[in-house]
Amino acid sequence: MRWENLTESGDHSRADAALFGADAVITRTFDTPEFRGITFHEVRARSIVNRVPGASRMPFEWTVNPYRGCAHACVYCFARKTHSYLDLDTGLDFDSQIVVKVNAPELLRRQLGSRRWQGEHIAMGTNVDCYQRAEGRYRLMPGIIEALRDHANPFSILTKGTLILRDLDLLTQAAEVTDVGISVSVGFTDAELWRTVEPGTPAPERRLEVVRTLGERGIGCGVLMAPVIPFLSDHPAQLRETVRAIATSGATSVTPLVLHLRPGAREWFMAWLSRHHPHLVGRYERLYADGAYAPKWYQRRITRQVHDLAREYGIGPTRAGMPRRIPEPEPDRTDLAEPTQLTLI
């Protein structure tokens, strides 16, 4: 689509005025099929490298999140809670009110060049997907990868998006000078389940094509098998089919993670469950009665089954640096906006 078709909206949301300042946000809507019903809030961030809370137990300390909110619209997404920090709801607003940090590449380059920066690993895609549909229009990731490449700064990307292949040459260049880790998220291969639970994502088989293509270009790619959804994608035959497909794609590893339901995601997921699988509501209430995570016995059972299948199909069960536990939703401590108006294109 053409940039000249964009329009600036004069009606900023309550969250815009309260959190960004009335002059710091440009709100755009695009009258194109792929973005219909989605509103983009363009902000100029003051910082872009976010420190991960120590309590998250992640194998990385720093992240970059060029977007907030995600049009993938996964009903289980743990990051939904982060939209409440913007005075937006964790349901439809999370899916359709997307914050875009338009100056992310230039800001990252400046921060990487700072004397205070020690070249630590930076993880991306840990909060919302940096290769969601918005990236096709805003093209923030090429500049981000170029900055990381030019500073030989190690980084990793987790995505459900096929758009990452657009940046394959840049990723290859970066891998020549620093450690680059790529992982693709594929929790199951059931097409009917995918259409209802991950409606804005590429199909699982398309994501596995990404794994295959990256491998052919010499960039090893692991698969985060997440989430395994109790009673919907956890039957032994389903697990076998998913691991088999992952192995066929040439993945270097497979790491299973069972669905977890924190506040924000829990309400949205349970509403979806009551519409699509009402007979399972009671079973979920019992399984998740003690909190956000399924019982340890259930998690261990799934992990054991997937690891056994991984060995059978000849792929490693887990990859160094990949989370064994989903991170806490990041409050995204980067400052969001400067009090200056963007220049319209």
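The working numbering puts the sequence shown at residues 39 to 383. Heads up, the beta-carbon is just placed ideally off N, CA and C, and yes, glycines get one too.
Find out if the Cβ-Cβ distance for the pair Ala303, Tyr114 is shorter than 7 Å.
Along the sequence shown, one-based indexing puts residue 303 at 265. Along the sequence shown, one-based indexing puts residue 114 at 76. Yes.
Hey, which unbroken runs of the alpha helix (DSSP H) at 4 residues or more fall wholly within the segment 84 to 168?
130 to 134 and 142 to 150
For Gly16, count the other beta carbons within 10 Å of its own beta carbon; 16 or more makes it buried, fewer makes it exposed. Which is it?
Residue coverage of the chain in this structure runs from 39 to 383, which leaves residue 16 outside it and unanswerable.
Identify every residue that forms a DSSP beta bridge with Leu262.
Translated into the one-based positions of the sequence shown, residue 262 becomes position 224. Paired residue(s): Ser223 and Thr293.
On the DSSP bridge assignment, give the partners of His79 in chain order.
Start at 1 with the first residue of the sequence shown, and residue 79 comes out as number 41. Answer is Thr65 and Val137, bridged to His79.
Name the DSSP bridge partner or partners of Tyr331?
Counting from 1 along the sequence shown, the entry for residue 331 is found at position 293. Answer is His298, bridged to Tyr331.
From this set, Leu246, Asn191, Cys168 and Thr128, which residue's C-alpha is nearest Pro301's C-alpha?
In the sequence shown, the residue the question calls residue 301 occupies position 263. That would be Thr128, whose Cα lies nearest to the Cα of Pro301.
Compute the Euclidean distance between the alpha carbons of Arg175 and Tyr336, then round it to the nearest angstrom.
Taking the sequence shown and counting its residues from 1, one reaches residue 175 at position 137. Taking the sequence shown and counting its residues from 1, one reaches residue 336 at position 298. Arg175 and Tyr336: Cα-Cα distance of roughly 41 Å.
Taking the C-alpha atoms as reference points, what is the distance between Leu277 and Thr65?
Here residue 277 refers to the residue found at position 239 when the sequence shown is read from its first residue. Here residue 65 refers to the residue found at position 27 when the sequence shown is read from its first residue. Their backbone Cα atoms lie some 43 Å apart in a straight line.
Taking just the CA atoms, how far does Cys168 sit from Ile160?
For the purposes of this step, residue 160 is taken as residue 122 along the sequence shown, with counting starting at 1. For the purposes of this step, residue 168 is taken as residue 130 along the sequence shown, with counting starting at 1. Each residue's Cα considered, the two are about 13 Å apart.
Over what stretch of residues does the beta strand (DSSP E) that includes Leu270 continue unbroken?
In the sequence shown, residue 270 corresponds to position 232, counting from 1. Segment: none, Leu270 is in no beta strand (DSSP E) and carries neither H nor E.
Please state the DSSP three-state secondary structure of Val344.
For the purposes of this step, residue 344 is identified with residue 306 of the sequence shown, where counting begins at 1. Three-state result, Val344: helix.
Thr70 (DSSP reduced to helix, strand or coil):
Start at 1 with the first residue of the sequence shown, and residue 70 comes out as number 32. Coil, per DSSP.
Arg349 versus Glu72 - alpha carbon distance
For this step, residue 349 is matched to residue 311 along the sequence shown. For this step, residue 72 is matched to residue 34 along the sequence shown. Cα to Cα, Arg349 sits roughly 40 Å from Glu72.
With 16 other CB atoms within 10 Å as the buried threshold, where does Leu130 fall?
Numbered from 1 along the sequence shown, position 92 holds the residue referred to as residue 130. By the 10 Å Cβ count, Leu130 comes out exposed.
Selection from Ala111, Gln170, Arg84 and Cys112 that minimises the alpha carbon distance to Asn141
Here residue 141 is taken as the residue at index 103 of the sequence shown, counted from 1. With distances taken between Cα atoms, Asn141 lies closest to Arg84.
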